Each structure stands twice: as C-alpha cells, then as structure tokens.
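S.K.: Numbering (my numbering), first residue to last: 837 to 1266.
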Ligand code: HAM
C-alpha cells in the first residue's frame, strides 16, 4: 500500500474550523489599514533571486540559509520563493513607476517562505500582512504605523502587546559604530560564540541581538549605536517618540533592537506578545530610506512593517473574539422539502442574509432533531424551520438559537428584518 502523502514539513493547512477566526483577523486588518489610507497591491510569490540578495543583504540569516531558491528548469533563471514582502513591493513600485505622482501607502498579504527550523510560531510557509509607506521621509508615518498596529491589536481584543522601538541611524553612523564594535569584539574574541565569530567582520551589529545567555554580559558592555547618531537622526527619532507620547501609546526604547535586514535605517520597531507559554515577536518593521534608489528607482524614503498571521492567530486562539463569524441562519427542513428549502435559502440570500442550508446525503433527509443539533453547532444565530405546516401557510418558522425565546412563524419577507432587528437589539444592550 502506498504511504499517504502529507504536507511539506513546516507548512500548514488552514481548516474550515479555523477559517472564521482567520477571516475575522483578515477583515479587521483590512478595515484598519483602509482607515489609514493604505491600498492593496499584489506581487508574485516568486521573484528573481538577486532582488532579495540586493535588498535583504548577502550576509543576513535569510539570504545565507533560509531562502527557497531554485533554477528555472526551462531557462536557468535564478528564482526564489519570497521570504518577505517588502522587496517585491518595492520592485513592483519601481517597475510600474507608481511613485511618479507622489508618495503611496500600500499593503499586501499572502504566503512567505523561509527554510527555518519549524517550531511553535515558526514555519517554513507562513503568512504576512505587509504595509509599506513609500516616499514618506518624516517621522509621522513611522509613528502612524505603530499606532495603526496598536489600533488593530485593540480591535482584536489584545492587551499587553509590548512595543519596542530603536533608531539604528543612517549609513555613516552605522559605519563608525560598526568599526567600534569590531574593535570591541576583537578585544574579546575568546568570549565570542560561533555565530558572533562568523559575523565579526560581516555583520557584527547582528551579534547585539544574540539570544545566547553566555554572550549577554559581553553584549551589554558593547558600544551603543545611539551614542553615534547625528543631529538629524536624533531629531527624527525624537519626532517618532513625541508622536507616540502624544497619542498615549506606551513603548520601550530598546537600544539592542537591530532587526535582521540590511535595508533598514533610522527607526526600527517590533511588537512582542506573551501567550500562555510563549513569547514571540508578532510584528516588526522600520524605515528603509535607501532601498528604492538602491533597487533602481528615484530616491524615496520609506517605512513599513509586517505581522505574522499565524502568530497573531496564536494570540487570537487564546483570546477568542466574542462574535465569531457564522451564518445568520441555518435552514432545516422535513423529508420531501429539499427543493423548497433550496429555494427558500436562495431567497434569504437575495435579502442579504448569510445562509447555511442543511445538506442531504444520497437524497435522505436527517431527522429534525439531528438537523437542529447541526444548526446549533454551526454557530448560526437562527434556525429557519420548514415543515408541511409552514409550506401550507406560506411562512417559515424562525428560532433564535442563541438567546432562546418563542419560535415564531413569519412570511419570508419579514425574516431579514427579524434577524437584523435582533442583532441591532443585542448590540444596543451590549
Ligand atoms: P520580519 O520581522 O522578518 O519582517 O517578519 C515580520 C513578522 O512575520 C514577524 O514578526 C513574525 O510575526 C512573522 N514571521 C517571520 N518569520 C516567520 C516564520 N518563519 N513563521 C511564522 N511567522 C514568521 C519582515 O518580513 C519585513 N519585510 C517587515 C517590513 C516591511 N519591514 C519594512 N517593511
């Protein structure tokens, strides 16, 4: 017997039971992004490999060992499954010259691919919502993006998502700081772990972000980037924190936050969430003033972030939204009334209700009792019951599955009002 095929390690299926919460997250996110004037863009999942090497950086973890890269069997072109969204969006913005009429706020979402060691909250295919403000130089968009995310967490019902911010300065400050870091780490070469040794001359900044407990004391004594920032960089960062203060958004300035992409400069930030037995970065981003020009466009200072859908879902699973999306009504019917029920369901949809129709199996209709159980389990707020009496009287019976009360008989035309009226009533009470 052949072995049953399974999903690739680190890649997940989304099942119907989880779908309502995913959709709740996606709908809420879209609504918040639109409130801030961000517009949807979509780019391919596959891009030329050099795009990621040039933007993310040759000596970053992602480019060094996490990319799904391959050669096109037809023409030998080097291609990569996108490990993140920024590079593709910037490539597309340049290719279609979308910044010619001024700055643009855009967002995208979809699967990203990184060949990491799978564990809770870390997958090889995962999903991001990615936001980019292209062509905005001031500190206002940096702060706006943090406020936008914080508003999203609030709408999703999350409390205590910690915001960490830092400024990593511009290229010149980083160069001077980098030299000081190399000198410092060289003087403590014996205390460096393998990663730090490997990165000593290629990416010493990344060592500041090490999770290795044995390296913490060494890192604590290392030269701090903030001591190398010039006036303009300091003013920009002050502009960000002043706006966060004015909006009352709490944050921690974390001088060790550096992020693992070469394109960043000045502001970087992360949102860190605590679950029952886990703590993870759910969103991260920052400013990348040089990237558009570096990839061949006209200079356009920019800032963006992405959040991981699976990680936000982990938080949502532990803080379930009160109202999980379900159908407004579930239609149950007596044996022999399948066609009638089918027609009634369509007519209810004409009246803008969402309707789940009980399915038949091989032409057999289940008992009312078993259909009502299914109606209840579906999460629908109302059952529409169709029996011979209802057909004879030209009405349907409506039962409130969530709040109980009398079952009522109504003409089809009055069902939508009854269902929506009850929702309105319960909202007013809440
Ligand atoms: P990132 O920090 O690499 O940033 O990813 C953003 C978020 O994606 C992370 O905070 C995390 O929630 C999620 N994520 C990353 N890797 C995984 C994984 N293997 N499994 C599950 N979730 C993951 C970026 O990707 C930047 N492009 C963000 C950005 C946009 N910066 C400027 N614009």
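From the three backbone atoms N, C-alpha and C, an ideal C-beta is built for every residue, glycine too. Computed from a predicted structure; not experimentally measured.
Quick check on residue 1088: does DSSP put it in helix, strand or coil?
M.R.: Residue state, collapsed to three classes: strand.
S.K.: Taking the alpha carbon of residue 1004 as the point to measure from, which residue in 1101, 1150 and 1086 has its own alpha carbon closest?
M.R.: The residue with the shortest Cα to Cα distance from residue 1004 is 1101.
S.K.: To which residues of the same chain is residue 1261 closer than 8 Å at the C-beta, ignoring the five residues directly before and after it?
M.R.: Unreliable positioning characterises residue 1261 in this predicted model, as indicated by a pLDDT of 44, which lies under 50. The coordinate reading is nonetheless provided below. Cβ within range, chain order: n/a, list empty.
S.K.: Could you please give me the residues that DSSP links to residue 1189 through a beta bridge?
M.R.: None; residue 1189 has no bridge partner.
S.K.: Thinking C-beta only, is residue 964 closer than 8 Å to residue 1142?
M.R.: Cβ distance < 8 Å, so residue 1142 and residue 964 count as in contact.
S.K.: Report buried or exposed for residue 956, applying the criterion of at least 16 other Cβ atoms within 10 angstroms of its Cβ.
M.R.: Exposed: under 16 other Cβ atoms inside 10 Å.
S.K.: May I ask you to report which of helix, strand or coil DSSP gives residue 1257?
M.R.: Residue 1257 falls in the helix class under three-state DSSP.
S.K.: Terminal residues of the continuous beta strand (DSSP E) containing residue 1219?
M.R.: Per DSSP, residue 1219 belongs to the beta strand (DSSP E) from 1218-1222.
S.K.: Do the region 1025-1039 and the region 1138-1153 touch if we need at least three Cβ pairs shorter than 8 Å?
M.R.: Result no; under three Cβ-Cβ pairs closer than 8 Å.
S.K.: Where residue 1171 and residue 1212 are concerned, what is the direct C-alpha to C-alpha distance, given to the nearest angstrom?
M.R.: Roughly 20 Å between the two C-alpha positions.
S.K.: Should residue 1118 be counted as a contact of ligand 1 given a C-beta to heavy atom distance under 7 Å?
M.R.: Checking every heavy atom of ligand 1 against the Cβ of residue 1118, one is found closer than 7 Å.
S.K.: Would you say residue 1133 touches ligand 1, meaning its beta carbon is less than 7 Å from a heavy atom?
M.R.: No, the Cβ of residue 1133 stays beyond 7 Å of every heavy atom of ligand 1.
S.K.: Check whether the Cβ of residue 1267 sits closer than 7 Å to any heavy atom of ligand 1, and report yes or no.
M.R.: Here the chain comprises residues numbered 837 to 1266, so residue 1267 is not present and cannot be evaluated.
S.K.: Shortest alpha-carbon distance to residue 1128 belongs to which of 869, 892 and 1111?
M.R.: The residue with the shortest Cα to Cα distance from residue 1128 is 892.
S.K.: How is residue 1000 classed by DSSP in three states: helix, strand or coil?
M.R.: Note: residue 1000 maps to strand in three-state DSSP.
S.K.: Would you report the Cα separation of residue 844 and residue 909, rounded to the nearest angstrom?
M.R.: Going from the Cα of residue 844 to the Cα of residue 909 covers about 21 Å.
S.K.: Which value, in whole angstroms, describes the spacing of the CA atoms of residue 987 and residue 864?
M.R.: If I take the Cα positions, the gap works out to 10 Å.
S.K.: Measuring alpha carbon to alpha carbon, tell me which of 1019, 920 and 1066 ends up nearest residue 1008.
M.R.: Answer by Cα proximity: 1066.
S.K.: So does residue 1211 have its beta carbon nearer than 7 Å to some heavy atom of ligand 1?
M.R.: No, the Cβ of residue 1211 stays beyond 7 Å of every heavy atom of ligand 1.
S.K.: Cβ-heavy atom distance between residue 1122 and ligand 1 below 7 Å?
M.R.: Checking every heavy atom of ligand 1 against the Cβ of residue 1122, one is found closer than 7 Å.
S.K.: With respect to the beta strand (DSSP E) encompassing residue 1120, which residues constitute its N-terminal and C-terminal limits?
M.R.: Taken as a continuous stretch (DSSP letters only), the beta strand (DSSP E) holding residue 1120 covers 1115-1123.
S.K.: If you run the structure through DSSP and keep just helix, strand and coil, what is residue 966?
M.R.: Correct three-state label for residue 966: strand.
S.K.: Under 8 Å, with one C-beta from each stretch per pair, do the region 1087-1099 and the region 1039-1056 reach the 3-pair mark?
M.R.: As far as the Cβ criterion goes, the region 1087-1099 touches the region 1039-1056, which means the pair count is three or higher.
S.K.: For residue 1246, which of 1222, 914 and 1021 has the nearest alpha-carbon?
M.R.: For residue 1246, the nearest C-alpha among the options comes from 1222.
S.K.: Tell me where the beta strand (DSSP E) around residue 916 begins and ends.
M.R.: Unbroken beta strand (DSSP E) run through residue 916: 914-917.
S.K.: Quick one: residues in its chain with C-beta nearer than 6 Å to the C-beta of residue 1263, no 5 flanking neighbours on either side, listed in chain order?
M.R.: The predicted model places residue 1263 with a pLDDT of 37, which falls under 50 and marks its position as unreliable; any figure quoted below should be read in that light. Cβ within range, chain order: n/a, list empty.
S.K.: When you compare only the Cα positions, how much space is there between residue 1075 and residue 1002?
M.R.: Going by the C-alpha atoms only, they are around 12 Å apart.
S.K.: Cα separation between residue 1133 and residue 930?
M.R.: Cα to Cα, the separation comes out at about 5 Å.
S.K.: Measuring CB to CB, does residue 1000 end up less than 8 Å from residue 920?
M.R.: Against a cut-off of 8 Å, the Cβ pair of residue 920 and residue 1000 comes out as no contact.
S.K.: Among all the DSSP beta bridges, which residues are the ones paired with residue 1234?
M.R.: In the DSSP output, where bridge partners are listed per residue, residue 1234 has 1220 and 1244.
S.K.: Relative to the C-alpha of residue 1036, which candidate in 1049, 1016, 1053 and 1052 has its C-alpha closest?
M.R.: For residue 1036, the nearest C-alpha among the options comes from 1016.
S.K.: So, at 7 Å on beta carbons, what are the nonlocal neighbours of residue 977 in its own chain, with the 5 sequence-adjacent residues on each side left out?
M.R.: Cβ within range, chain order: 969 and 1139.
S.K.: Distance, Cα to Cα, residue 1269 vs residue 870?
M.R.: Residue coverage of the chain in this structure runs from 837 to 1266, which leaves residue 1269 outside it and unanswerable.
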